[in-house]
Amino acid sequence: MLIQGILFLVRSSRLPVFFLSCILVACQPGNRLNPQAPKEAYNTTEMEVRNERFLSTVHVPVSIAITDIERQINAQVNGLIYEDNSLDDNHGDQFMTKVWKRGTILMTAQDSLFQFTVPLKIWAKAGVSVLGFTQYKETEFEIDLRFKTKFDLEHDWSVHTQTQSDRYGWVRKPTVSLVGFNIPITNIVSRLIDKNLGTITKTLDQQIRRNVDLKTPVLKAWNTLREPYLISEKYRTYLQVVPKRVLITPLRFEGRMIRATIGIEGYTLTTTGNRPDVHPAVSLPDLTVVPKVKDDFQIGLLSEASYQEAARIASEEFVGKTFSFSDNRYSITVTSMDMYGQNDNLIIKAGLKGTINGDIYLRGRPYYDAKEQTVSLKDLVYDLDTKNILQRSASWLLKGTFANTLEKQLTIPVGSQIADMQKLLQEKLKNNRLAKGVVVNGQIDEIRPDQVYLTPTALLAVVHARGRIDVKVDGL
């Protein structure tokens, strides 16, 4: 009857047709909203986020005891170490000699130089001319030779040494018996020693270059670091280091220790799923000498929440709740919640019933709240098409606090995943033997929020874990 009466009034007063439409809409029990849904779009994929790489440096401390070097040198240099059995070689020098190591070779280090003391026993036979006749005399004597060696590492990992004589001291001076007398021949032998010191230092340099090998143990550490490192069986998460270059600080001498720091610089990333395949490297990049190796190890720790899970959490919080506006003249009840992504914005689709019915769309930027350990929203506003429709039919909703309430109360807890990953990572970095002769120790000092990424399948909250990692390698 009401509708018929209205139609009668319209016919009799010839009201415009659009006015009729407005009256009919106003008399319905609730306006039906049907705004255009924002288009779903994504800037990144889950795999791209998980494979994000961070430039990091792994410390490989080098600590060499001088006592160990002495032991190695003395193990390799024993007994007869040099002999010349011909009187006619070296342009007929009429000189034969044999040289034995007499005792322990001693080593010290100071002011970037290695200092060696080499105790020797020397037998010599020399031709002595007396009144035109050559007589051959033998002698034995003892001497301590001293050398200074400057030690450098080249870019190609070869060892460069410069050894110089640093005087020598007589322990038992050489003499020969002539006509029943022991005649000192120290000056003669000194000249011969001085003449041959260049050959001796050259031989020492060759021996050092041949026997000092940093490349092999560092290559072992390099390949060990490249191996995927399981940090969570539950999340099937692996830590990977993709090394790019090797750094080393200059050698420094501390008491009876030689120290340096090797830094293996590369990219760290976390991957999930099956264990990645990695083939061992057979060579190292060139060595780069730097004043200091940085403490800048970092990786990304991820927590994932699917859109279905996020919508479920939001539904538990809001579905069934009623919101009143304008002194209770209008009200709406939330009937459903759904979510998806549009580039950097999270789109929230909310189903409503009450004074208005239908769906509305809101958009906001998700971020990781480190204090609450949740994914929260900021700048939550109505989508443009939804806003235009509400301005015409339900401006009271635009002026109300519905969007602000959603922004404040819609949170997705993700802290437990990140905390679990941090705990597992720290446990794996404590005195962990990665391989025979390779032990890793580390400390995570800082957790810094990065951002929340919207991918086609889920929201990914990323935080950066920063700290220091040391790898101890036997032989270094």
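By the UniProt record's numbering, the letter at position 230 of the sequence shown is numbered 230, and the numbering carries on one by one without gaps.
Each residue gets a CB set at the ideal place from its N, CA and C atoms; glycine is no exception.
In the DSSP annotation of this structure, R172 is not part of any alpha helix (DSSP H); the continuous beta strand (DSSP E) holding it starts and ends at V159 to R172. Under the three-state reduction of DSSP output, Y42 falls in the coil class, being neither helix nor strand. Burial state of I412 is buried, judged by a 10 Å Cβ sphere holding 16 or more other Cβ atoms. Look at A465 here: in three-state DSSP terms it is strand.
In the DSSP assignment, L287 falls outside any alpha helix (DSSP H) and lies within the beta strand (DSSP E) extending over L287 to V289.
Going by C-alpha positions, T249 is about 30 Å away from V77.
Secondary structure note for S306: its beta strand (DSSP E) is the uninterrupted segment F297 to S306.
The beta carbons of L284 and V246 sit closer together than 8 Å.
Inter-residue distance for D152 and T457 is about 54 Å (C-alpha atoms, whole angstroms). Around V189, the same chain offers P174 as residues with beta carbons nearer than 6 Å, after the five sequence neighbours per side are excluded.
For the pair I143 and V171, the CB atoms are nearer than the 8 Å cut-off. Per DSSP, the beta-bridge partners of K349 are D338 and Y361. By the neighbour-count criterion, in which a residue is buried when 16 or more other Cβ atoms sit within 10 angstroms of its Cβ, A281 is exposed. The Cβ atoms of G354 and S326 do not sit closer than 8 Å to each other. Taken in chain order, the whole beta strand (DSSP E) runs of length 3 or more contained in the region 361–408 are 374–382.
For the pair D474 and M257, the Cα-to-Cα distance works out to about 16 Å.
In the DSSP assignment, S63 falls within the beta strand (DSSP E) that extends over F54 to A65. Excluding five sequence positions before and after V462, the CB atoms of its chain that fall closer than 6 Å to its own CB belong to G300, L302 and D450, given in chain order.
By the neighbour-count criterion, in which 16 or more other beta carbons inside 10 Å mark a residue as buried, Y307 falls on the buried side. One Cα belongs to F323, the other to Q36, and the distance between them is close to 23 Å. E83 sits away from I105, with the two beta carbons spaced by 8 Å or more. The three-state reading of DSSP puts Q94 in coil, since its state is none of H, G, I, E or B.
Under the rule that a run must span 4 or more residues, the alpha helix (DSSP H) segments found entirely inside the region 172–239 read 186–211 and 215–226. Its Cα nearest to that of E138, the residue I185 stands out among I185, K148 and A109.
The beta-bridge partner set that DSSP reports for M257 consists of A65 and E254.
Between R433 and F297, the CB-CB gap reaches or exceeds 8 Å. The beta carbon of Y367 sits closer than 7 Å to those of S376, K378, Q451 and V452, all from its chain and outside the five residues before and after it, given in chain order. Our two residues, V381 and K399, have alpha carbons roughly 12 Å apart in a direct line. Counting the other CB atoms within 10 Å of its CB gives A75 a total below 16, which places it among the exposed residues.
Counted as a single uninterrupted DSSP element, the alpha helix (DSSP H) harbouring S416 occupies residues G415 to K428. Rounded to the nearest whole angstrom, the CA to CA distance from A126 to I193 is 13 Å. Three or more Cβ pairs closer than 8 Å define a contact, and the region 205–213 falls short of that threshold against the region 267–275. The region 427–446 makes no contact with the region 335–354, as fewer than three CB pairs between them are under 8 Å. Per DSSP, the unbroken beta strand (DSSP E) holding E446 starts and ends at V438 to L454.
Nearest Cα to P228 within the set N328, F318 and H279: H279.
Of the residues assessed, Q72 falls on the exposed side of the cut-off, its CB having fewer than 16 other CB atoms within 10 angstroms.
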